[in-house]
Amino acid sequence: MVILAGQIEESSGDITYAWVITFYILGGLFILFFIYHFIILPHPKADSRRSDVTTGKFIRNYINTFAAFFKKKSILLILGFILLYRFGEAQLVKLASPFLLDPIEAGGLALTTSQVGFVYGTVGVIALSVGGILGGFAAAKRGLKFWIWWMLIAINIPNLVYVYLSLTQTTNFLLINICVAAEQFGYGFGFTAFMLYLIYIAEGEFKTAHFAIATGFMALGMMLPGMISGWIQEQIGYQQFFIWVCISTIPAFIITKFVSIDPEFGKKTSTEKS
Numbered sequence: 118m119v120i121l122a123g124q125i126e127e128s129s130g131d132i133t134y135a136w137v138i139t140f141y142i143l144g145g146l147f148i149l150f151f152i153y154h155f156i157i158l159p160h161p162k163a164d165s166r167r168s169d170v171t172t173g174k175f176i177r178n179y180i181n182t183f184a185a186f187f188k189k190k191s192i193l194l195i196l197g198f199i200l201l202y203r204f205g206e207a208q209l210v211k212l213a214s215p216f217l218l219d220p221i222e223a224g225g226l227a228l229t230t231s232q233v234g235f236v237y238g239t240v241g242v243i244a245l246s247v248g249g250i251l252g253g254f255a256a257a258k259r260g261l262k263f264w265i266w267w268m269l270i271a272i273n274i275p276n277l278v279y280v281y282l283s284l285t286q287t288t289n290f291l292l293i294n295i296c297v298a299a300e301q302f303g304y305g306f307g308f309t310a311f312m313l314y315l316i317y318i319a320e321g322e323f324k325t326a327h328f329a330i331a332t333g334f335m336a337l338g339m340m341l342p343g344m345i346s347g348w349i350q351e352q353i354g355y356q357q358f359f360i361w362v363c364i365s366t367i368p369a370f371i372i373t374k375f376v377s378i379d380p381e382f383g384k385k386t387s388t389e390k391s
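Okay, so the sequence shown: first residue is 118 according to the numbering used here, each after it adds one.
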């Protein structure tokens with residue numbers, strides 16, 4: 118869609134018009150997706166209205182579910198891991214596209230909207246997907262405990278490619294694609310450990326609800342660092358910002374050292390294999 122917006126922008130010369138048309142198309146697609154899923158998705162008999170659940174009972178169950186989550190063993194460590202695992206990445210992702218788009222004199226790479234759409238929307242997505250798939254296979258083979266350090270490295274160390282790009286401000290489009298692909302591949306591979314950990318800590322009576330709460334904190338872990346990333350970049354520029362992003366990964370390495378994980382968790386059992 119970003120590539121399409123870029124093409125319309127180049128042909129019309131009007132940025133606002135390009136994005137308006139793109140979002141009209143996107144909105145139309147989502148209406149079609151809604152109709153398709155409304156017709157195709159099954160309607161289980163269990164999804165019927167329950168008359169035995171009163172408002173008071175619902176509120177008590179809601180509160181008990183939250184209370185049970187915060188009573189988990191080592192909950193502060195769990196929350197710290199969720200909030201810090203992507204502390205560096207959360208800042209980088211907010212400024213990656215502006216960096217690619219900004220002019221050379223502003224410290225960016227001066228790519229067009231279409232080029233950024235291709236880099237992130239095509240090359241980046243493919244690399245991200247491949248990394249995630251390989252991460253899933255790897256975890257199924259050796260388990261989360263074995264891979265968590267390797268995946269932590271994979272999601273954080275490739276951030277160095279942005280330090281390189283900001284220092285060189287290369288105009289080699291192929292090289293830019295390779296760098297972004299490397300970072301996105303590492304993100305996809307490393308994110309596998311994060312999602313598995315959320316599943317791991319959600320085990321128990323309220324598994325689905327606790328996983329939802331954990332993903333809420335996951336979103337918070339992306340939102341809070343992202344809120345300050347733009348201000349930091351404005352103060353120190355792209356080069357120093359990406360160096361700061363790399364420094365920001367250190368807390369994730371520290372807290373991972375204290376995380377306790379069942380060695381068998383994540384492994385594919387012989388029953389599942391058959």
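Built from N, CA and C at the ideal position, the CB exists for glycine as well.
Shown here, asparagine 178 sits in a helix according to DSSP, grouped into three states. Counting along the chain, no alpha helix (DSSP H) covers phenylalanine 382, and no H or E run does either.
Spatial neighbours of lysine 211 in its own chain (CB-CB distance under 7 Å, excluding positions within 5 residues in sequence) are listed in chain order as Gly343, Ser346 and Gly347.
Taking 4 residues as the minimum length, the region 334-370 contains no alpha helix (DSSP H) run wholly inside it. Burial check for asparagine 273: the Cβ neighbour count within 10 Å reaches 16 or more, so the residue is buried. Non-local beta-carbon contacts of isoleucine 265 in its own chain, meaning distances under 6 Å to residues more than five positions away in sequence, involve Ala310 in chain order.
Histidine 154 counts as exposed, since fewer than 16 other C-beta atoms from the protein chains shown sit within 10 angstroms of its C-beta.
Per DSSP, the unbroken alpha helix (DSSP H) holding threonine 285 starts and ends at 277-285. In the three-state reduction of the DSSP assignment, glycine 305 falls in the helix class. Considering only Gly321, Pro368 and Phe358, the residue with the shortest C-alpha distance to lysine 188 is Gly321.
When secondary structure is reduced to three states using DSSP, proline 220 falls in the coil class, being assigned neither helix nor strand. The criterion of a C-beta distance shorter than 7 Å is not satisfied by glycine 123 and serine 214. Pairing cysteine 296 with isoleucine 367, the inter-Cα distance amounts to about 22 Å.
Leucine 121 and valine 240 have their C-alpha atoms some 15 Å from each other. Here DSSP, grouped into helix, strand and coil, assigns methionine 312 to helix. By the 16-neighbour rule on beta-carbons within 10 angstroms, phenylalanine 358 is buried. Exclusion of the five residues before and after glycine 253 leaves Thr309 as the residues of its chain whose Cβ lies within less than 8 Å of its Cβ. Nearest Cα to leucine 218 within the set Ser283, Phe204, Phe323 and Gly305: Ser283.
Distances from the CA of phenylalanine 186 to each of Ile372, Asn294, Cys363 and His327 were compared; the closest alpha carbon is that of His327. Residue environment analysis places glutamate 127 among the exposed positions, since fewer than 16 neighbouring C-beta atoms fall within 10 angstroms of its C-beta.
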